[in-house]
Each structure stands twice: as structure tokens, then as C-alpha cells.
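Residue numbers (the numbering used here): 949 to 1309.
We put the beta carbon where it would ideally sit given N, CA and C, even for glycine.
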């Protein structure tokens, strides 16, 4: 069976854009500075996106793009510059986003209601669909393989990566660009408040990672950072609703235990936990059988529903460089595996294990 390897990273975060910028900021223990005002007070943004430098042939398209699509295209450009994509003929693309282009959609519909259809700009309409960002990435980067967009709330980024890894693992595609993005907007913050699921510290960002078969990476002369060992999902609360954020801790512990059992590895090998929320740490450690350290990404970078993709990026960096601190002022990875654990409102759960490039023995 093929074990997909991670060969390129494209993070777009409030702490920096690109692998090296994020890596240095993380190593230094940097914390992003809040820059929001009003209802967005305390939130974090990623700043300007210099897309024209990366896609000079698409300058006209950039003027019409929404913020979410710009974040995804920036992540794609950074991943392309980091390790390259190789031939895009059969390269798959999987993107996760919970609410998609919500601000653009809200603005368009508000104008339609208040001004009438005659003053609703038809050029904005293509940007309203959740997979608009994936479409732009495919066009700009010349990707011609299958493309999917996942919207399973707080596991959307994890689900996109899991699908891409499975596609590579099964031999359906030689490589997949996977990840997710979320824009920062008042509409999104209000939506979370209405659903009684406010985010820890609202932020925006994107992250795309290239997963490919080891043979393809070797043929391109690229050194893998880590391997995607597998991803497993569960439904913690059957019949749950996205309007609630309750967590089934027993289901989370059972999912982690099942993931370890499937790989035939002991929990002591997991040296870091990258969880979507603090409440997941206790059940994860219970299943692992030890107090594995947890990343402090939410405190330093904020959180958004698709940040499972960013945590995949951080997991790959931690596995690739064992001296990289798991959290600010902490030690490096205390094992050779990293666990990504996410819970979505409505009950969805996903656990992903990242390991060294050569897999596990």
C-alpha cells in the first residue's frame, strides 16, 4: 500500500505567509497581534496578499476574486514555490471551508433584496459558491485532476486532507493538493454567535499541503517532510445539529484508540496533539495512555473552522524537525508521531496521524 508523503507546504497565517515565515515565528514563540475593531475586536487577520507577484497572467481575474479565493490561491502559490507540484495533469485538489464566501454572499443577497435584481452585479455571482476558491486554484495552477470542496464544519480541512490522502494511497491519483481556508468577517462571527459556537479567537487563513506517492517525490528529487499515515472519522452524537457545539468525549477517546489500533502502534509514540479545541485533550491523552504535549496554535494564531489544514502543516513541521517546540517555550516532539484531532459542531470527529517520511515500523 502507498503511504502518502507531504512534500510542500503553503500556510497563510497571521504569523506569516509561507513555510519559512511560519517556521521561524513558531520557533521564536511569536504570538499574532489582534488587529480587529468593533465586533471583530480581538480577531486576527493575515494582512495583504501579494497575488500579482505569483500569478502575473491572471491580474484581471484577481480584481474580481473574493477574499476566501484569494487566501486559497495564495496558499497554492506558496506550496508551489515550496516544493513544486510537478505535472498537474492528474493532480487532485481537495479544499475544506465551513462557510465558504459568506461575506460576499451576504453582501450580494443584501443588495439584491434592497436594490433589486437590476443592480445585483452578475460578475459577483460565480464567487458565491463554496467551491469558487478551488476553481480559481485549479485554473491558476493548471490542475486537471479531480477537485472537491468539503464543508463539514470544523472537520472540513481534515476531511479534505483525508480524501486526498486516500486517493493517493489507493493509486487513484499520483498526488493531491489538500487543505482549507476561512475568511474573517463580521457575518461569520455573527453566524457563530447565533449557532452558540463562538470561536476561541476568530482569525482567517489558509493552508495547502501537497501529498504524493513516495515514488513520485523521489522522481522529482523532492525530500518529504512527513507521511500521512491515516485518518479516521466518527459521529460523536448521532442526530446532532450544527446549531450546537457539544462534544462526546467518550467517542473522541474511542476514535483515537481505534486509530492507533488500526496502525498497530502504541500511544506512547505520539509526541504531540494538535486539537481543534481544548476539551479534546483529556480524551486524547486517555486513549494515548500518557500526557502528550499539545500545541498552542489557537492562542498564537487564533482559530477558524478549516484550521485542521493548518494543523496538518504544523504536524508536518514538527515531525520533520524534532527540535521545533510543540508550544511556546516547550520541548520538541516527544515521539515520532503527531495526532491531529478535530470535532465539529453537530457531532463529527476526525483523527489523523502524521509520522516520519519512511512510515512506521
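Item	Value
If you compare alpha carbons, which of 1241, 1212 and 1040 is closest to residue 1158?	1040
Within 10 angstroms of the Cβ of residue 1150, are there 16 or more other Cβ atoms? Answer buried if so, exposed if not.	buried
What's the call for residue 1252, buried or exposed, on a 16-neighbour Cβ count within 10 Å?	buried
Looking only at its own chain, which residues have a Cβ that is under 7 Å from the Cβ of residue 1090, when we skip the five neighbours before and after it?	1036
Are three or more beta carbon pairs between the segment 1201-1217 and the segment 1161-1176 nearer than 8 Å?	no
Grab the span of the alpha helix (DSSP H) containing residue 1231 for me, first residue to last.	1229-1236
Going by DSSP in three states, residue 1088 sits in which element: helix, strand or coil?	helix
Whose C-beta lies closer than 8 Å to the C-beta of residue 1273 among residues of the same chain, with five residues either side of it excluded?	974, 975, 977, 1279 and 1280
Compute the distance between the beta-carbons of residue 1044 and residue 1098, then report whether it is under 7 Å.	yes
What residues match up with residue 1297 in a beta bridge as DSSP calls it?	1182 and 1291
Is residue 1051 helix, strand or coil when you go by DSSP?	helix
What does the Cβ neighbour count give for residue 1028, buried or exposed, with the cut at 16 atoms within 10 Å?	buried
So, residue 1254 versus residue 1129, is the Cβ gap smaller than 7 Å?	yes
At which residue ranges does the segment 1021-1069 contain complete alpha helix (DSSP H) runs of 4 or more residues, listed in the order of the chain?	1050-1063
For residue 1095, name the three-state secondary structure that DSSP assigns.	strand
Is it true that the segment 1074-1084 meets the segment 1016-1034, where meeting means three or more beta-carbon pairs spaced less than 8 Å apart?	yes
Roughly how many angstroms separate the alpha carbons of residue 952 and residue 1119, rounded to a whole number?	10 Å
By the DSSP assignment, the beta strand (DSSP E) with residue 1151 in it spans what residues?	Element bounds for residue 1151: n/a, residue is neither H nor E.
Does DSSP put residue 1171 in a helix, a strand or coil?	coil
Report the three-state DSSP secondary structure of residue 1100 (helix, strand or coil).	coil
Any contact of the segment 990-1009 with the segment 1043-1059, i.e. 3+ C-beta pairs under 8 Å?	no
At which residues does the alpha helix (DSSP H) containing residue 1130 begin and terminate?	Counting along the chain, residue 1130 falls outside any alpha helix (DSSP H), though it belongs to the beta strand (DSSP E) covering 1123-1130.
For residue 1100, which residues in the same chain have their Cβ closer than 7 Å to its Cβ, ignoring the five residues on either side in sequence?	1107, 1292 and 1296
Find out if the Cβ-Cβ distance for the pair residue 1267, residue 1240 is shorter than 7 Å.	no
What residue from 1003, 1304, 970 and 1288 has the CA that sits closest to residue 1181's CA?	1288
Do the CB positions of residue 957 and residue 1042 come within less than 7 Å of each other?	no
Give the single residue among 1160, 1071, 1218 and 964 whose Cα lies nearest to the Cα of residue 1008.	1071
Using 10 angstroms around the beta-carbon of residue 1160, count the other beta-carbons present and answer buried if the total reaches 16, otherwise exposed.	buried
Please classify residue 1169 as buried or exposed, where buried requires at least 16 other C-beta atoms within 10 Å of its C-beta.	exposed
In the DSSP output, which residue or residues are listed as bridge partners for residue 965?	960
Helix, strand or coil, according to DSSP, for residue 1213 in the structure here?	coil
When the distance is taken between beta carbons, is residue 1139 closer than 7 Å to residue 1126?	no
In terms of DSSP beta bridges, what is residue 1176 paired with?	1302
Considering residue 1267, what are the terminal residues of the alpha helix (DSSP H) in which it resides?	1256-1268
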